[in-house]
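Just so you know, the sequences run in chain order A and B. According to my numbering, the stretch in the first sequence is residues 1 to 271, in order. According to my numbering, the stretch in the second sequence is residues 272 to 520, in order.
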Amino acid sequence: MSTAETISPPPVTRSPRTSRTWASRLGLQLLAVVVAVAIWWVITSVLASPTSMLQDFAPQHAIPAIGALAAQGVLFPDIWTSLWRLLVGLLIAVVLGVVTGLAIGTWQSLETASRPVFQFLRMVSPLSWAPVAIGLFGIGDRPVFFLVAAAAVWPIVLNTAAGVRSIDQGFLLAARSLGATPAETLTSVVLPAIRPHVLTGLRLALGIGWVVLVPAEMLGVTSGLGYEILNSRDQLAYDKVMAVILVIGLLGSILDALARRALGTGNRQAV
Amino acid sequence: MGTVALRLTGATKRYGDNAVLDGVDLDVERDSRLVVLGHSGSGKSTLLRVLAGLEELDAGALTRPDADDARGAVVGTVFQQPLLLPWLTVRDNIALGGRYRANKARFDAAHVEELIDLFGLRAQADLLPSALSGGQAQRVSIARVVAVRPDILLLDEPFSALDPATRRSLQVWLRDAAAALGLTLVMVTHDVDEALYLATEVTLLDGSGRAAGHWRCDAPTGHDDLADHPLRATLLAGYRSQLGAAAAS
Numbered sequence: 001m002s003t004a005e006t007i008s009p010p011p012v013t014r015s016p017r018t019s020r021t022w023a024s025r026l027g028l029q030l031l032a033v034v035v036a037v038a039i040w041w042v043i044t045s046v047l048a049s050p051t052s053m054l055q056d057f058a059p060q061h062a063i064p065a066i067g068a069l070a071a072q073g074v075l076f077p078d079i080w081t082s083l084w085r086l087l088v089g090l091l092i093a094v095v096l097g098v099v100t101g102l103a104i105g106t107w108q109s110l111e112t113a114s115r116p117v118f119q120f121l122r123m124v125s126p127l128s129w130a131p132v133a134i135g136l137f138g139i140g141d142r143p144v145f146f147l148v149a150a151a152a153v154w155p156i157v158l159n160t161a162a163g164v165r166s167i168d169q170g171f172l173l174a175a176r177s178l179g180a181t182p183a184e185t186l187t188s189v190v191l192p193a194i195r196p197h198v199l200t201g202l203r204l205a206l207g208i209g210w211v212v213l214v215p216a217e218m219l220g221v222t223s224g225l226g227y228e229i230l231n232s233r234d235q236l237a238y239d240k241v242m243a244v245i246l247v248i249g250l251l252g253s254i255l256d257a258l259a260r261r262a263l264g265t266g267n268r269q270a271v
Numbered sequence: 272m273g274t275v276a277l278r279l280t281g282a283t284k285r286y287g288d289n290a291v292l293d294g295v296d297l298d299v300e301r302d303s304r305l306v307v308l309g310h311s312g313s314g315k316s317t318l319l320r321v322l323a324g325l326e327e328l329d330a331g332a333l334t335r336p337d338a339d340d341a342r343g344a345v346v347g348t349v350f351q352q353p354l355l356l357p358w359l360t361v362r363d364n365i366a367l368g369g370r371y372r373a374n375k376a377r378f379d380a381a382h383v384e385e386l387i388d389l390f391g392l393r394a395q396a397d398l399l400p401s402a403l404s405g406g407q408a409q410r411v412s413i414a415r416v417v418a419v420r421p422d423i424l425l426l427d428e429p430f431s432a433l434d435p436a437t438r439r440s441l442q443v444w445l446r447d448a449a450a451a452l453g454l455t456l457v458m459v460t461h462d463v464d465e466a467l468y469l470a471t472e473v474t475l476l477d478g479s480g481r482a483a484g485h486w487r488c489d490a491p492t493g494h495d496d497l498a499d500h501p502l503r504a505t506l507l508a509g510y511r512s513q514l515g516a517a518a519a520s
């Protein structure tokens, strides 16, 4: 998952032997997974003393624990709860981020004026707001929506503003000379023109939102994957802790892959 | 000639201390093709933007004497660059004006299809602008403006970015299309031969914001006869004198 507000560089130029490259790349990646699981096993089962709690984190305990969690009937409700919170938080971030990005992309003076404040807010970890959010919204979904939105809004703001600034002024002139009102110019020229930028911002926001979601669910809620980690720890069920971590990583990878596919790989540069 | 569709009286436009237009009078007659000729920086693009209503005058007035409704004559502008929206197909680009409330009463989708045929764009109708040649793109941009049925079509050096052969074929095509559609044209250019080929009237700007002369040339000429056109020597002389003046100043 991309956690920084940048985009991963484009893939290295492909060799003409694309099919072979594709197969060998998949082979390499499978090999890396096997090596990672092996290291995981060696650390938790061979190096750790037999009495250590690390034993519980071993793959041979953690992977079956996923099934146990599912059998308990908590895994899927937790996944849906977490995905729902991510979705609502992202929706809030998109609405606020696109509106703000349109404004600061359109008016240079607003961009200049807002820069120090936005820079400050951007560099405060969204989780720092957790006590404020819980104080304001109480226990439940809403502080999590807030924290996810607070984290996810920045890449959307920055990419939207960059998109607005990169619009060919001639397009706006052409629309205006055809009789478009400012609102019609917005819907017929500006919004379609910034779409790829907004989608890039959304993909980055999804990554950040997912990363923030789990710790946000450790504060002031009683459901979701983040809560399930703490709950399992309180029951000293470390195999289940590791199982939830695996689920989080897996879901995150799937979400990112889906976003890449649905939203394009992001051909525009983020700020 | 017909009635006056658009009239400039004493038009003055300044940028700082520099008067780009200085008391220009201009009548655009309906069904005429007026070409405003001038070298770069002579204020011809400013003049066109004033006519398009995209620029306010500092002094003088723009009136629409024969306007038949409160809104006055509808003016459409074609720019130097095609400025096609890259995410829309040729057809959707031509239909762009139909999305705007200002054109709702004048626009219909069937007309777009007629224009696609008339402008020779049938094979390209479903392509994106990136797949077009420069000449095709400029034809689409003219069709986009014609689709909102303007009373007057303004063209700001629309062919200046094209190669000479394309440029010439588009001049032929534009003169025919204007006749077929009954368009009133106002075009600015720095190309004397383009002016002579397309114009029924020529106004020469003198480089200091005033009109140096106005001529009618009613008989249409072929490209091959332009060298002998009676007005050619006059216009070129006017051109040279102001280039000399510009160099001396």
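Each residue gets a CB set at the ideal place from its N, CA and C atoms; glycine is no exception. Values in this document were obtained by computation on a predicted structure and should not be read as measured data.
Query: Residue 249(A) and residue 85(A) look like a contact to me (Cβ under 8 Å); what is the Cβ gap, rounded to whole Å?; Result: Their Cβ separation, rounded to whole angstroms, is 18 Å, which puts residue 249(A) and residue 85(A) out of contact at 8 Å.
Query: Say whether chain B places a C-beta atom closer than 8 Å to the C-beta of residue 182(A).; Result: no
Query: Along chain A, in chain order, which residues have C-beta atoms closer than 8 Å to that of residue 419(B)?; Result: 178, 179
Query: Please go through the same chain and pick out, in chain order, the residues whose beta-carbon is closer than 6 Å to the beta-carbon of residue 309(B), but skip the five residues on each side of it.; Result: 315, 476
Query: Just the chain A side, please: which residues come within less than 9 Å of residue 405(B) by C-beta, in chain order?; Result: Under the 9 Å cutoff, chain A gives no residues; its nearest Cβ is about 15 Å from residue 405(B).
Query: Assign residue 28(A) to one of three DSSP states: helix, strand, or coil.; Result: helix
Query: Looking at the unbroken alpha helix (DSSP H) that takes in residue 170(A), where does it start and where does it end?; Result: 169-177
Query: Counting only Cβ pairs nearer than 8 Å, list the residues of chain B close to residue 170(A).; Result: 350, 352, 354
Query: With three or more beta-carbon pairs closer than 8 Å as the criterion, would you say the region 98-116 of chain A touches the region 130-146 of chain A?; Result: no
Query: Could you tell me the alpha carbon to alpha carbon distance between residue 371(B) and residue 363(B), rounded to whole angstroms?; Result: 13 Å
Query: Can you give me the Cβ contacts of residue 259(A) inside the same chain, cut-off strictly under 6 Å, excluding the 5 residues immediately before and after it?; Result: 203, 206
Query: Is there at least one Cβ from chain B nearer than 8 Å to residue 189(A)'s Cβ?; Result: yes
Query: Taking 8 Å as the threshold (C-beta atoms), are residue 319(B) and residue 388(B) in contact?; Result: no
Query: Could you check what DSSP says for residue 310(B) in three-state terms: helix, strand or coil?; Result: coil
Query: Starting from residue 276(B) and walking both ways along the beta strand (DSSP E), at which residues does that stretch end?; Result: 275-286
Query: Just curious, the alpha helix (DSSP H) that residue 349(B) is in, first and last residue?; Result: First-last for residue 349(B): 346-349, but that is the beta strand (DSSP E), not the alpha helix (DSSP H).
Query: For a test of the three-state rule: what should DSSP assign to residue 291(B), helix, strand or coil?; Result: strand
Query: Using only the alpha-carbon positions, how far apart do residue 437(B) and residue 406(B) sit?; Result: 6 Å
Query: So is residue 174(A) in contact with chain B if we call contact Cβ pairs under 8 Å?; Result: yes
Query: Going by DSSP, what residues sit across from residue 423(B) in a beta bridge?; Result: 346(B), 455(B)
Query: Tell me which residues share the same chain as residue 185(A) and place their Cβ nearer than 7 Å to its Cβ, disregarding the 5 neighbours each side in the sequence.; Result: 172, 175, 176
Query: Considering only heavy atoms of the ligand ADP, does any lie closer than 7 Å to the CB of residue 199(A)?; Result: No copy of the ligand ADP occurs in the structure displayed, which carries no ligand at all.
Query: I'd like the span of the alpha helix (DSSP H) that includes residue 475(B), first residue to last.; Result: Note, residue 475(B): premise wrong, no alpha helix (DSSP H); beta strand (DSSP E) at 472-476.
Query: Over what stretch of residues does the alpha helix (DSSP H) that includes residue 324(B) continue unbroken?; Result: Residue 324(B) -> no alpha helix (DSSP H), and no H or E assigned at all.
Query: Among 303(B), 294(B), 410(B), which residue has its Cα nearest to the Cα of residue 274(B)?; Result: 303(B)
Query: What residues of chain B sit near residue 302(A), judged by a beta carbon separation below 9 Å?; Result: This structure gives no information on residue 302(A), because the portion of chain A shown stretches from 1 to 271.
Query: Identify every residue that forms a DSSP beta bridge with residue 299(B).; Result: 277(B)
Query: Look at the alpha carbon of residue 296(B) and the alpha carbon of residue 279(B), and state the distance between them as a whole number of angstroms.; Result: 5 Å
Query: When you compare the CB of residue 341(B) with every CB in chain A, is at least one pair closer than 8 Å?; Result: With a pLDDT of only 46 at residue 341(B), under the threshold of 50, the placement of this residue in the model should not be trusted; the figure read from the coordinates follows. Cβ-Cβ to chain A under 8 Å: no for residue 341(B).
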